[in-house]
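*Asks:* Going down the list, the sequences are from chains A and B. For the first sequence, this note's numbering begins at 1 and goes up steadily by one. For the second sequence, this note's numbering begins at 422 and goes up steadily by one. Note that the Cβ used here is the ideal one computed from N, Cα and C, for glycine as well.
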Amino acid sequence: MHSIFTFQTKIDPAKVGALTAYLDQIHAQLLTHPELPFPLLTKVHFASLVIVPDDRYGAYLVFENNIDGTVDAYIEQLCDVAPAALHTIYSNCAGYDASGGFDRGRMRTYLRAHVVRPGASFVGNVGRDVARIHAEHALRTEIEQYLDGRSAAGALGTTPAAIYAQVRAHVETMFPWALQPQGRLSAAEMFKRKLAVWELIAFALLTLPLLIPLVLLFIIVLRIHELRDRSEIPPPDSKQMAIVTAREDNILQNHFASMVDVKPGAFRRFTLSLVLFLANRAAAVSVNGTLSNLNNIHFAHWVLIDGGRRMLFLTNYDGSWENYLDDFIDKASVGLTAIWSNTKLRGPLLNFPTTSFLVNGGARDERNFKNIARESQLLSNVWYSAYRDITVPRVDMNSTIRDGLATPPDGPAIGDWLQRL
Amino acid sequence: MANTEKIERDDIQGIVLSGYVHLPKTAYALLTVDAARSADARAWLGRIAGSVTSARKKQEGDSLNVALTYTGLQKLGLDDATLASFPIAFSDGMASQRRAYILTDNELDASSAWSWGGPAHPVDVLLMMFAVTPERLDALIATMLGDAAAHGVTEAVPALHAQLYDDRNEHFGFSDGIAQPVLASARKPNDGVSEGNVVSDGEFVLGYRNEYGFGSDTPDLGPDKSLGKNGTYLVFRQTTQDVAGFWNFVNAAAAHDPAQRETLAAKMVGRWKSGVPLVLAPDADPDPNPDPATAPTDAFGYGGDPKGLACPFGAHARRSNPRDGLLTSTSPAESMQRVARHRLLRRGRSYGPRIADPLVDDGKSGERGLHFICLCADIERQFEFVQQTWINNPVFGQLVGEVDPLVGAQTAGDAVFTVQREPVRRRVLDMKCFVTLRGGAYFFLPSIKALRWLGTPRTNG
Numbered sequence: 001m002h003s004i005f006t007f008q009t010k011i012d013p014a015k016v017g018a019l020t021a022y023l024d025q026i027h028a029q030l031l032t033h034p035e036l037p038f039p040l041l042t043k044v045h046f047a048s049l050v051i052v053p054d055d056r057y058g059a060y061l062v063f064e065n066n067i068d069g070t071v072d073a074y075i076e077q078l079c080d081v082a083p084a085a086l087h088t089i090y091s092n093c094a095g096y097d098a099s100g101g102f103d104r105g106r107m108r109t110y111l112r113a114h115v116v117r118p119g120a121s122f123v124g125n126v127g128r129d130v131a132r133i134h135a136e137h138a139l140r141t142e143i144e145q146y147l148d149g150r151s152a153a154g155a156l157g158t159t160p161a162a163i164y165a166q167v168r169a170h171v172e173t174m175f176p177w178a179l180q181p182q183g184r185l186s187a188a189e190m191f192k193r194k195l196a197v198w199e200l201i202a203f204a205l206l207t208l209p210l211l212i213p214l215v216l217l218f219i220i221v222l223r224i225h226e227l228r229d230r231s232e233i234p235p236p237d238s239k240q241m242a243i244v245t246a247r248e249d250n251i252l253q254n255h256f257a258s259m260v261d262v263k264p265g266a267f268r269r270f271t272l273s274l275v276l277f278l279a280n281r282a283a284a285v286s287v288n289g290t291l292s293n294l295n296n297i298h299f300a301h302w303v304l305i306d307g308g309r310r311m312l313f314l315t316n317y318d319g320s321w322e323n324y325l326d327d328f329i330d331k332a333s334v335g336l337t338a339i340w341s342n343t344k345l346r347g348p349l350l351n352f353p354t355t356s357f358l359v360n361g362g363a364r365d366e367r368n369f370k371n372i373a374r375e376s377q378l379l380s381n382v383w384y385s386a387y388r389d390i391t392v393p394r395v396d397m398n399s400t401i402r403d404g405l406a407t408p409p410d411g412p413a414i415g416d417w418l419q420r421l
Numbered sequence: 422m423a424n425t426e427k428i429e430r431d432d433i434q435g436i437v438l439s440g441y442v443h444l445p446k447t448a449y450a451l452l453t454v455d456a457a458r459s460a461d462a463r464a465w466l467g468r469i470a471g472s473v474t475s476a477r478k479k480q481e482g483d484s485l486n487v488a489l490t491y492t493g494l495q496k497l498g499l500d501d502a503t504l505a506s507f508p509i510a511f512s513d514g515m516a517s518q519r520r521a522y523i524l525t526d527n528e529l530d531a532s533s534a535w536s537w538g539g540p541a542h543p544v545d546v547l548l549m550m551f552a553v554t555p556e557r558l559d560a561l562i563a564t565m566l567g568d569a570a571a572h573g574v575t576e577a578v579p580a581l582h583a584q585l586y587d588d589r590n591e592h593f594g595f596s597d598g599i600a601q602p603v604l605a606s607a608r609k610p611n612d613g614v615s616e617g618n619v620v621s622d623g624e625f626v627l628g629y630r631n632e633y634g635f636g637s638d639t640p641d642l643g644p645d646k647s648l649g650k651n652g653t654y655l656v657f658r659q660t661t662q663d664v665a666g667f668w669n670f671v672n673a674a675a676a677h678d679p680a681q682r683e684t685l686a687a688k689m690v691g692r693w694k695s696g697v698p699l700v701l702a703p704d705a706d707p708d709p710n711p712d713p714a715t716a717p718t719d720a721f722g723y724g725g726d727p728k729g730l731a732c733p734f735g736a737h738a739r740r741s742n743p744r745d746g747l748l749t750s751t752s753p754a755e756s757m758q759r760v761a762r763h764r765l766l767r768r769g770r771s772y773g774p775r776i777a778d779p780l781v782d783d784g785k786s787g788e789r790g791l792h793f794i795c796l797c798a799d800i801e802r803q804f805e806f807v808q809q810t811w812i813n814n815p816v817f818g819q820l821v822g823e824v825d826p827l828v829g830a831q832t833a834g835d836a837v838f839t840v841q842r843e844p845v846r847r848r849v850l851d852m853k854c855f856v857t858l859r860g861g862a863y864f865f866l867p868s869i870k871a872l873r874w875l876g877t878p879r880t881n882g
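Encoded structure:
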């Protein structure tokens, strides 16, 4: 199972520069940094270190982790692989006792105390750990090269069954594990997640008589808030764009970190918490790598911080920023608007584009939506992906290819399997 | 989401609504403004604004259109606030590192080696001149450039020539310029335009509703900031085409079999040489000697070819305009809607001598190619998106490690092209790139009113 969380620590105001410099150094040697060699952190799918500049709440360091297994086991791996880096990083942060160098027990306690779990999260490819994603990709690559070689030698079978038999025999010795079926999510786990959604529906039905007046009241209050909100969002200036695009488009995947203010007042805070709660339940029942039909998000999460006054959003996605935002608007503007319409940036008119009934308008105002998204974006000082060129649908397709080896298809299904190559 | 609000043809430059097919001869003059003579340059621009062809009606003998780069606008003396109202892609410029990264203009395509538009030969103004005969064109060039030079606006490089060939083909031998989007309000009854090609005006002209249903962003030009309307952005990229290199590569990959060679090339393009799409004729070109005056049909989609068996997923035409077949969409209609937000109005023309035998290198591969020109209201969301997310995306759809086989930035060593087939796909290995970028820039194509305003004297300069 995956764990999604951040370590959030306040940075000593005098040491923001030093920490930034150290993170830049890690960024420059992302795969080979002697003190933080990410590839040796074998549990990590995606990780980032983001400095949130001081904006009324002090500067924060957000260390994002999307990992296999439990937080505790991961902390042990971090202490094994990167003790010096942890020590250097947190020496710049509040509450860390740096005297006497790295101390495993102290570090463990410190990290555990700063774990922040998401309010809502999403995983694109459930049930697959890093090792399996790499192994299944290697399997697919090997099959493709094998077919190229056979084809060039004029030794490729002429029927689907013959080619399938050739491929299966070829991988049998190289990748014996591939012939053993392995599911994506256990039936029990899926049942549990679906149950969580049904619980909500049942709860709503049972409390219907009570709920209806509450919902009506909610809508009235919501409309009052919406009619009061105005929004005017200038294009982000060149300086902000230079900051946030500096480390973008470096590989086929990208990272987006953003911090927004929750609109003032208890009502918006309540609405946002409710929407995040519902989104979290809904996202958990998606198993084939799609969130509201978005199929380019590996890991994403939302969390309210600073006593619910700010919302942090972190996402690890495939493709370009433009494509990601367009996809978001086209396919998920309802969910997107329901969440972000409760937020704003600093400045009287820097509200999310105006909405009606929580989900209308908003993100569909493409230009203004992109402007505010850029404006809210933070520089991802360090960002690591364990599989830089494997997209969300590719991870799943690789599993499907492996499924077809573990459980041999017959008849026309053999032809279908070959078409996946 | 097409709409029918009328556009102001008098104020829009003619090239937005017309490809000027009645004017086959073309010259693109790339000019620089003497920053010390800003007032002269403005006077010149104000003068020629009256000669600029509008989209109101066809001009018989010749046509003239004018566009400016960001540096051109700077040198004309626009103030910082006005300049800041232009989008960042435009102010960065195509040659900038940031845009090069998005466009994958690396190594061979680096702007440092461009013959224009790069740091060695920056460009401020583009004059596009079209004429019915070479004589008319020469006369127009002489008048325009003479007048410009007298105002300190001089040629950055000698004017580029181009033409429409009688067969309407580009140099590799394929019919070009099909699948052109049409502005919703520019439609005529029974024009035969397929629905998929009808796009909201705001996608190509600033100030009108776009495919999101919102007004497209305009820069703050003019005394009341309203003159950005009716302008648009123009992307110009000059590429050379190594025709013999392309056909010899295809020939080798097709085991030197002429029929297989034609088929493989068509698989790479997504259409036969005649322009007939592969999904309508999977096995052979049904129209080997097409009539150049009749455009091949463009009313087709990829819904009937979900496995890519007729037209490969990675074919140039399927990548650059995926129609109803975006694999990341949930329905054909959703795919069409999304694709409509990334269309380009192409206005480019080929240049250079035709090759006699496409399999024999005549030593002139550096002299022929395409002056690719396209218009769009949002450089980032349209031109750059198509380049980055479709053409040069190694993981487009369900593909792995391949880019557009015709114009993509192939990486040496591991570039492939997958041809979906039964029983199993074939991969063409060691793909190579046969087009090279020689120059380019992002231009703003102002409205005619904006041109006049840009050409009026300013108190600060």
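Keeping to the same chain, check which residues put their C-beta closer than 7 Å to that of B:Pro774; ignore five residues upstream and five downstream.
*Replies:* Here the question's residue 774 of chain B lines up with position 353 in the second sequence. Within the same chain, B:Pro774 has close Cβ partners Lys785, Glu788 and Arg789.
*Asks:* Is there a C-beta anywhere in chain B that falls below 7 Å from the one on A:Ser341?
*Replies:* Along the first sequence, one-based indexing puts residue 341 of chain A at 341. With 7 Å as the cut-off, A:Ser341 does not count as an interface residue toward chain B.
*Asks:* Does the region 610-627 of chain B touch the region 477-488 of chain B, meaning 3 or more C-beta pairs lie closer than 8 Å?
*Replies:* They do not touch, by the three-pair rule.
*Asks:* Report the start-end ranges of each alpha helix (DSSP H) in the region 304-364 of chain A that is 4 residues or longer and not cut off at the edges.
*Replies:* Runs found: 321-340.
*Asks:* Counting only beta-carbon separations shorter than 7 Å, does B:Gly882 have a partner in chain A?
*Replies:* In the second sequence, the residue the question calls residue 882 of chain B occupies position 461. Any reading at B:Gly882 must be qualified, since the residue scores a pLDDT of 39, below 50, and its modelled position is unreliable; the value itself is stated next. Not an interface residue.
*Asks:* Closer than 7 Å, CB to CB, is B:Arg846 near chain A or not?
*Replies:* Within the second sequence, numbered from 1, the residue matching residue 846 of chain B stands at position 425. By this cut-off, B:Arg846 is an interface position.
*Asks:* Determine whether the Cβ of A:Ser320 lies closer than 7 Å to any Cβ atom of chain B.
*Replies:* As a first step, residue 320 of chain A must be located in the first sequence, where it is residue number 320. Yes, contact with chain B.
*Asks:* Hey, out of B:Arg519, B:Asn590 and B:Tyr449, whose CA is closest to B:Val487's CA?
*Replies:* Stepping through the second sequence from its first residue, residue 487 of chain B is reached at position 66. Among B:Arg519, B:Asn590 and B:Tyr449, the Cα nearest to that of B:Val487 is on B:Tyr449.
*Asks:* So what does B:Asp726 bridge to, in DSSP terms?
*Replies:* As a first step, residue 726 of chain B must be located in the second sequence, where it is residue number 305. Answer by DSSP bridge pairing: none, since B:Asp726 is not bridged.
*Asks:* Give the interface partners of A:Leu147 over in chain B, defined as CB-CB distance under 7 Å, in chain order.
*Replies:* Taking the first sequence and counting its residues from 1, the one referred to as residue 147 of chain A is at position 147. Per Cβ cutoff of 7 Å: Val845.
*Asks:* Restricting to Cα atoms, I'd like to know which of B:Glu528, B:His572 and B:Phe551 is closest to B:Ala457.
*Replies:* By one-based count along the second sequence, residue 457 of chain B stands at place 36. Considering only alpha carbons, the answer is B:His572.
*Asks:* Is A:Asn125 helix, strand or coil when you go by DSSP?
*Replies:* Here residue 125 of chain A is taken as the residue at index 125 of the first sequence, counted from 1. Of the three classes helix, strand and coil, the one that applies to A:Asn125 here is coil, per DSSP.
*Asks:* Let me know if B:Gly882 comes out buried or exposed under the rule of 16 or more other beta-carbons within 10 Å of its beta-carbon.
*Replies:* Indexing the second sequence from 1 puts residue 882 of chain B at position 461. Bear in mind that the predicted position of B:Gly882 carries a pLDDT of just 39, short of 50, making it too unreliable to give a figure here.
*Asks:* Is B:Met422 close to chain A, meaning its C-beta is less than 7 Å from at least one C-beta of that chain?
*Replies:* By one-based count along the second sequence, residue 422 of chain B stands at place 1. With a pLDDT of 42 at B:Met422, under the threshold of 50, the modelled position of this residue cannot be trusted, and the question is left open.
*Asks:* Suppose the cutoff is 8 Å on Cβ atoms and the five residues either side in sequence are ignored; what does the same chain contact list for B:Ala423 look like?
*Replies:* As a first step, residue 423 of chain B must be located in the second sequence, where it is residue number 2. Residue placement at B:Ala423 cannot be trusted, given a pLDDT of 44 that sits under 50; the coordinates are not used to answer.
*Asks:* Please list the partners that A:Asn360 has in chain B, where partner means a Cβ-to-Cβ separation under 9 Å.
*Replies:* On the first sequence, residue 360 of chain A is found 360 positions in, with the first residue counted as 1. By Cβ distance, chain B contributes nothing, its closest Cβ being about 12 Å from A:Asn360, past 9 Å.
*Asks:* Comparing alpha-carbon positions, which option in B:Arg740, B:Gly498, B:Trp537 and B:Val603 lies nearest B:Arg768?
*Replies:* Indexing the second sequence from 1 puts residue 768 of chain B at position 347. Nearest of B:Arg740, B:Gly498, B:Trp537 and B:Val603 to B:Arg768, Cα basis: B:Val603.
*Asks:* Between B:Leu642 and B:Ala871, which are expected to be in contact by the criterion C-beta below 8 Å, what is the C-beta distance as a whole number of angstroms?
*Replies:* Here residue 642 of chain B refers to the residue found at position 221 when the second sequence is read from its first residue. Here residue 871 of chain B refers to the residue found at position 450 when the second sequence is read from its first residue. Correct: roughly 5 Å between the Cβ atoms.
*Asks:* Specify, as a first and last residue, the run of the beta strand (DSSP E) that B:Gly539 falls within.
*Replies:* As a working mapping, residue 539 of chain B is identified with position 118 in the second sequence. Segment: none, B:Gly539 is in no beta strand (DSSP E) and carries neither H nor E.
*Asks:* Would you tell me roughly how many angstroms separate the C-alpha atoms of A:Leu312 and B:Val442, rounded to the nearest one?
*Replies:* On the first sequence, residue 312 of chain A is found 312 positions in, with the first residue counted as 1. On the second sequence, residue 442 of chain B is found 21 positions in, with the first residue counted as 1. So the two alpha carbons sit approximately 54 Å from each other.
*Asks:* Starting from B:Gln434 and walking both ways along the beta strand (DSSP E), at which residues does that stretch end?
*Replies:* The residue given as residue 434 of chain B occupies position 13 in the second sequence. Unbroken run through B:Gln434: none, as it is neither H nor E.
*Asks:* What are the partner residues of A:Trp302, as DSSP defines its beta bridges?
*Replies:* Numbered from its first residue, the first sequence carries residue 302 of chain A at position 302. DSSP lists A:Ala120 and A:Phe313 as partners of A:Trp302.
*Asks:* What is the residue span of the alpha helix (DSSP H) that B:Glu576 lies within?
*Replies:* For the purposes of this step, residue 576 of chain B is taken as the residue at position 155 of the second sequence. Segment Val574 to Gln584 is the beta strand (DSSP E) holding B:Glu576; no alpha helix (DSSP H) there.
*Asks:* What do you reckon, are the CB atoms on A:His87 and A:Phe102 nearer than 7 Å?
*Replies:* Mapped onto the first sequence, residue 87 of chain A falls at position 87. Mapped onto the first sequence, residue 102 of chain A falls at position 102. In contact: A:His87 and A:Phe102 (Cβ atoms closer than 7 Å).
*Asks:* Please confirm whether B:Trp537 and B:Val544 have their CB atoms less than 7 Å apart.
*Replies:* Within the second sequence, numbered from 1, the residue matching residue 537 of chain B stands at position 116. Within the second sequence, numbered from 1, the residue matching residue 544 of chain B stands at position 123. A contact, by the Cβ cut-off of 7 Å.
*Asks:* Classify B:Cys795 as helix, strand or coil using the three-state DSSP reduction.
*Replies:* Residue numbering aside, residue 795 of chain B sits at position 374 when the second sequence is read from its first letter. Here B:Cys795 sits in strand by DSSP.
*Asks:* Of all the residues that make up the region 811-839 of chain B, which are near chain A by a beta-carbon distance shorter than 8 Å?
*Replies:* Hits within the stretch, in order: Asn814, Pro815, Val816, Gln819, Val821 and Gly822.
*Asks:* Once the 5 residues before and after B:Ala687 are set aside, which same chain residues still bring their CB inside 8 Å of it?
*Replies:* Sequence index remark: in the second sequence, residue 687 of chain B carries index 266 (1-based). If we look at B:Ala687 and ignore the five residues flanking it on each side, its Cβ neighbours are Trp693, Lys694, Leu699 and Asp706.
*Asks:* At a Cβ threshold of 7 Å, is B:Lys427 touching chain A?
*Replies:* In the second sequence, counting from the first residue as 1, residue 427 of chain B sits at position 6. By this cut-off, B:Lys427 is not an interface position.
*Asks:* Under 7 Å, do B:Asp745 and B:Gly724 count as touching if we go by C-beta distance?
*Replies:* By one-based count along the second sequence, residue 745 of chain B stands at place 324. By one-based count along the second sequence, residue 724 of chain B stands at place 303. Against a cut-off of 7 Å, the Cβ pair of B:Gly724 and B:Asp745 comes out as a contact.
*Asks:* Going along chain B in order, which residues have a C-beta closer than 7 Å to the C-beta of A:Pro393?
*Replies:* The residue labelled residue 393 of chain A in the question sits at position 393 within the first sequence. Ordered by position in chain B, the residues that pass the 7 Å Cβ test against A:Pro393 are Gln819.
*Asks:* Within a Cβ cutoff of 8 Å, which residues of the same chain sit near B:Ala600, ignoring the five residues on either side of it in sequence?
*Replies:* For this step, residue 600 of chain B is matched to residue 179 along the second sequence. Result list for B:Ala600: Asn618, Asp719, Ala738 and Asn742, in chain order.
*Asks:* Are the C-beta atoms of B:Glu801 and some chain A residue less than 7 Å apart?
*Replies:* The sequence position of residue 801 of chain B within the second sequence is 380, counting from 1. By this cut-off, B:Glu801 is an interface position.
*Asks:* Please say whether A:Gln377 and A:Ser258 have beta carbons closer to each other than 7 Å?
*Replies:* Your numbering for residue 258 of chain A matches position 258 in the first sequence. Your numbering for residue 377 of chain A matches position 377 in the first sequence. Yes, the Cβ-Cβ distance between A:Ser258 and A:Gln377 is below 7 Å.
*Asks:* Enumerate, from N- to C-terminal direction, the unbroken beta strand (DSSP E) stretches of 3 or more residues contained entirely within the region 731-784 of chain B.
*Replies:* Fully enclosed beta strand (DSSP E) runs of 3 or longer: 770-772.
*Asks:* Please list, in chain order, all residues of the same chain as A:Thr20 whose beta carbon is under 8 Å from its beta carbon, the five residues on each side excluded.
*Replies:* By 1-based counting over the first sequence, the position of residue 20 of chain A is 20. Around A:Thr20: Ile51 and Asn381.
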